[in-house]
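Per the numbering used here, residue 87 is the first one in the sequence shown, and the count goes up by one each step. Note that the Cβ used here is the ideal one computed from N, Cα and C, for glycine as well. Please read all numbers here as calculations on a predicted model, not as lab measurements. First comes the structure, then the notes that go with it.
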Amino acid sequence: MRNPGQTSSHCHDINTSMKRNLIFISILTLLAAGCTSSEHKSYDSRFTGTDIDHIAYPVGGLGSGMFCLEGTGAISHVSVHHYPDLFKEPCMFAAIHVNGIENGTKVVEAPVPDFKKWGRHNCGTGSTGTTYGLPRFEKGEFTARFPFGAISLEDNDLPLKATITGWSPFIPNDEDRSGLPVGGLEYTFTNTSSATVEAVFSFNSKNVMECNDQSQAGITGIDCGFVLTQPWSERYPEDEGYFAVLTPFEKNTSVDHCWFRGGWWDPFTMAWNKAAAGDTAPVPAVESGAPGASLYVPFTIAAGESRTIRLLMAWYCPESSYTAGEDALTESDYNPTYDPDTYNGYPKTYRPWYSTRFKSIADVVSYWTENYDSLKEKTQLFSETFYDSTLPEEVVRAIADNLTILKSPTTMRQHDGRFWSYEGSGDSWGSCHGSCTHVWNYAQALPHLFPRMERSLRETEFLVSQNAEGHQMFRSNLPIRPVHHSFHAASDGQLGGIIKVYRDWRISGDTDWMRSLYPQVKASLDYCIRTWDPRETGALEEPHHNTYDIEFWGGDGMCTSFYAAALESFVAIGGELGEDVSRYQTLLERSREYMGTRLWNGEYFYQEVRCKDLDAKDPTSVQSYMSTYAPEALVIMEKEGPKYQYGTGCLSDGIIGGWMALSAGLDDPVDKDKVISHLNSIYKYNLKKDLSDHANPQRPSYALGHEGGLLLCTWPNGGKPSLPFVYSDEVWTGIEFQVAAHLMFEGEVEKGLDIVRTCLDRYDGRIRNPFNEYECGSWYARAMSSYSMLQALTGARYDAVTKTLYIDSKVGDFRSFLSTATGYGTVVLQNGRPFLEVREGAIDVQ
Numbered sequence: 087m088r089n090p091g092q093t094s095s096h097c098h099d100i101n102t103s104m105k106r107n108l109i110f111i112s113i114l115t116l117l118a119a120g121c122t123s124s125e126h127k128s129y130d131s132r133f134t135g136t137d138i139d140h141i142a143y144p145v146g147g148l149g150s151g152m153f154c155l156e157g158t159g160a161i162s163h164v165s166v167h168h169y170p171d172l173f174k175e176p177c178m179f180a181a182i183h184v185n186g187i188e189n190g191t192k193v194v195e196a197p198v199p200d201f202k203k204w205g206r207h208n209c210g211t212g213s214t215g216t217t218y219g220l221p222r223f224e225k226g227e228f229t230a231r232f233p234f235g236a237i238s239l240e241d242n243d244l245p246l247k248a249t250i251t252g253w254s255p256f257i258p259n260d261e262d263r264s265g266l267p268v269g270g271l272e273y274t275f276t277n278t279s280s281a282t283v284e285a286v287f288s289f290n291s292k293n294v295m296e297c298n299d300q301s302q303a304g305i306t307g308i309d310c311g312f313v314l315t316q317p318w319s320e321r322y323p324e325d326e327g328y329f330a331v332l333t334p335f336e337k338n339t340s341v342d343h344c345w346f347r348g349g350w351w352d353p354f355t356m357a358w359n360k361a362a363a364g365d366t367a368p369v370p371a372v373e374s375g376a377p378g379a380s381l382y383v384p385f386t387i388a389a390g391e392s393r394t395i396r397l398l399m400a401w402y403c404p405e406s407s408y409t410a411g412e413d414a415l416t417e418s419d420y421n422p423t424y425d426p427d428t429y430n431g432y433p434k435t436y437r438p439w440y441s442t443r444f445k446s447i448a449d450v451v452s453y454w455t456e457n458y459d460s461l462k463e464k465t466q467l468f469s470e471t472f473y474d475s476t477l478p479e480e481v482v483r484a485i486a487d488n489l490t491i492l493k494s495p496t497t498m499r500q501h502d503g504r505f506w507s508y509e510g511s512g513d514s515w516g517s518c519h520g521s522c523t524h525v526w527n528y529a530q531a532l533p534h535l536f537p538r539m540e541r542s543l544r545e546t547e548f549l550v551s552q553n554a555e556g557h558q559m560f561r562s563n564l565p566i567r568p569v570h571h572s573f574h575a576a577s578d579g580q581l582g583g584i585i586k587v588y589r590d591w592r593i594s595g596d597t598d599w600m601r602s603l604y605p606q607v608k609a610s611l612d613y614c615i616r617t618w619d620p621r622e623t624g625a626l627e628e629p630h631h632n633t634y635d636i637e638f639w640g641g642d643g644m645c646t647s648f649y650a651a652a653l654e655s656f657v658a659i660g661g662e663l664g665e666d667v668s669r670y671q672t673l674l675e676r677s678r679e680y681m682g683t684r685l686w687n688g689e690y691f692y693q694e695v696r697c698k699d700l701d702a703k704d705p706t707s708v709q710s711y712m713s714t715y716a717p718e719a720l721v722i723m724e725k726e727g728p729k730y731q732y733g734t735g736c737l738s739d740g741i742i743g744g745w746m747a748l749s750a751g752l753d754d755p756v757d758k759d760k761v762i763s764h765l766n767s768i769y770k771y772n773l774k775k776d777l778s779d780h781a782n783p784q785r786p787s788y789a790l791g792h793e794g795g796l797l798l799c800t801w802p803n804g805g806k807p808s809l810p811f812v813y814s815d816e817v818w819t820g821i822e823f824q825v826a827a828h829l830m831f832e833g834e835v836e837k838g839l840d841i842v843r844t845c846l847d848r849y850d851g852r853i854r855n856p857f858n859e860y861e862c863g864s865w866y867a868r869a870m871s872s873y874s875m876l877q878a879l880t881g882a883r884y885d886a887v888t889k890t891l892y893i894d895s896k897v898g899d900f901r902s903f904l905s906t907a908t909g910y911g912t913v914v915l916q917n918g919r920p921f922l923e924v925r926e927g928a929i930d931v932q
């Protein structure tokens, strides 16, 4: 039985590729006109002037590497060798030559941003090796419609306007096609004159794949393009890589496989000379020593018409030398489900999933070329459906901007298809390995868009990284394999995993999957109880490690709310399986009572710092990360207790377990009125519109000066410790969106939107990249907490177990995106009546 207005995946009102293209173009046109219904500053993902300067838009596949299309049209951040390379801006550029006019050759980019002219690597010697000295279009604008990024360019010298659209496949529930190591750049030229224009498009590149053994690097041929190569070598096997550039739909493409060879700047100079002359003469490939390559596409455009040249890129780097984590050393490190045969013949280092799907760069290129149109059609369908929304544009933008994380080198997918991730991307390294459980608590996009990938994280956590005692290492090894249990479990990460098992079960509807994990989930929860709540008071009183990389001593609102939500989840799971959960129900009631009395000051939840009458010894004897007690620290401990607590502070994460529960489809685990009061206190005390007078001796560049942001913690009633928990004075976007969503869940919509706007104002393109919200690294996973605002505003949630669609709107009538494990579409509330328009797959609402 369908909801009123529901359509099947085969009956949606977008029937052809032409209609999809027209709709997509019309969206860009509306943006270009500056259309917005917001009463506030526009957050429509359209950037002009200097706001394009810091834009770098990821193009690539889920877990397969990326390059970035900058707001100007430049290519940068080329990271295809399984690690971030965020300052790799190769000498790679497109150019257009118009026959018969002065100044008729331009790089198809907007002007070089001022920040690149001085203060970056190699600027002091004149920025050798860059394209900065070549003429460009006079101005550009950037518009994002995930996963499409479009740059429009104009120049008075040319009778052409240009648009660059960068994209790569992104299809919910299809992680294979969304994880291809490919990207597309479509260059569209429009003749603005009254005469026919003859022109030559060229794409030019040095060998971006050159690594350690440059003598072996080369450039080979491919139909309508070239391949930049670094072949396998016994000394540097991880350097092997191939990067193809081609225009397979332009059969008149001519290729120069080997730029002029010589010293100084001879190769680049001669390559530009050819582009500037409209010279399309081919040059055959050489065995080695090619300094660069170019492809040329001559074309003619009549007055008023447009011409699009589709440039396809693909890469193939089948090996790496990367591993992470300590191998299991003792019998106690292994999970009861461990089967050593699983790891026979297992790769010793990371290999990407695509290397098992494709055997060569030629295979990737063939698949990409043959399926380009259908992949784009499916990706456009997702994009159109996602943006078919009446929700506030700041919310839509905050969600879409952070979906780029899934295309960044933060994410990886190993040979057998299982997902693995860093927390973020360092400049040239993965930042904080291991699909860190307490960071991925916040990331709500993957479980809805690619639920199989999210469930693979649960399987790793509970079946590989958890030992027989129920101790779970919050950082999993790469390649995924048993890990040495040499450090504390993370209380928030391990308890959050139980909540996520419940959430992922309801999303998938797979009760057998949930049942298979149940013994390990029970072992995990029992470990949490005896380790952190051995007296079964309902609170985590013993020292407990958490996402702030320290241990809290005594009960606190943050981690005890996780505890309550995990108990609530487990009671629901066990009840479904007919298990006796009475002990856990009793603990849940005690947790609610503890939170509402001992951890409540009448306004917000706080921490009851405690280091005596516990099972744990003196704080100086407990293993901790970067936390030692010098003699002067002992003096502070005698007066204030252990280092790195928050005590009487108002913590932005202070009731996060409630947000996790609501996002999973559960009720508030503690008293709702107190939750709302706590959230309003965060808004009142922690949201700062100007940080000029705020002292932050920690990591200040996330927000500082006249910028605004939501502080992790404040002490409105005094009592701030001399050494509060590390990071307490910082601003993290992942927590800003978590609090904003929680406010929305509880009906405080405008306050939540205020936090979102304050965050987005920092990521304006002029100072920071709007598509890279960083914390401990670029493209930081925690920022995907923004996805939960979809559910928070609309209450739209599909329960695949009961086949029920829930709606609890906080914004009246609406249209909004909904993604499930079997399909996606648009949820509509119109005049109080629900509708479901399924656009892809099927959603069985009974």
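Helix, strand or coil at residue i according to DSSP, with G and I counted as helix
i           : result
residue 316 : strand
residue 117 : Residue placement at residue 117 cannot be trusted, given a pLDDT of 40 that sits under 50; the coordinates are not used to answer.
residue 397 : strand
residue 386 : strand
residue 790 : coil
residue 638 : strand
residue 644 : helix
residue 180 : strand
residue 932 : coil
Environment of residue i [buried if 16+ CB atoms lie within 10 Å]
i           : result
residue 179 : buried
residue 358 : buried
residue 187 : exposed
residue 492 : buried
residue 392 : exposed
residue 34  : Since the first and last residues shown for the chain are 87 and 932, residue 34 lies out of range.
residue 709 : exposed
residue 417 : exposed
Bounding residues of the beta strand (DSSP E) (the contiguous stretch that carries residue i)
i           : result
residue 522 : Residue 522 -> no beta strand (DSSP E), and no H or E assigned at all.
residue 806 : Careful: residue 806 lies outside any beta strand (DSSP E) and carries neither H nor E.
residue 154 : 152-156
residue 244 : Residue 244 -> no beta strand (DSSP E), and no H or E assigned at all.
residue 290 : 283-292
residue 277 : 268-277
residue 227 : 225-231
residue 192 : 191-193
residue 916 : 909-916
residue 145 : 142-146
8 Å Cβ shell around residue i - same chain, five flanking residues per side excluded
i           : result
residue 373 : 304
residue 321 : 298, 299
residue 755 : 647, 650, 651, 653, 654, 674, 677, 678, 743, 744, 747
residue 114 : Low confidence applies to residue 114: its pLDDT is 43, below 50, so where it sits in the model is not reliable, and the reading given next is rough at best. Same-chain partners within the cutoff: 229, 231, 236.
residue 415 : 570
Cβ shell of residue i (< 7 Å), same chain only, five flanking positions each side left out
i           : result
residue 278 : 245, 246, 247
residue 811 : 634, 636, 730, 731, 732
residue 410 : 519, 520, 563, 564
residue 256 : 233, 264, 465, 468
For residue j and residue i, believed in contact at Cβ under 8 Å, the rounded distance
i           : j           : result
residue 795 : residue 509 : That pair is no contact at about 20 Å.
residue 166 : residue 329 : 7 Å
residue 314 : residue 293 : 5 Å
residue 495 : residue 511 : 5 Å
residue 656 : residue 607 : 7 Å
Residues near residue i by beta carbon distance below 6 Å, same chain, minus five either side
i           : result
residue 750 : 585, 588, 589
residue 451 : 330, 400
residue 237 : 159, 226, 228, 250
Limits of the unbroken alpha helix (DSSP H) element including residue i
i           : result
residue 863 : Run containing residue 863: none; DSSP gives neither H nor E here.
residue 370 : Per DSSP, residue 370 belongs to no alpha helix (DSSP H) and is neither H nor E.
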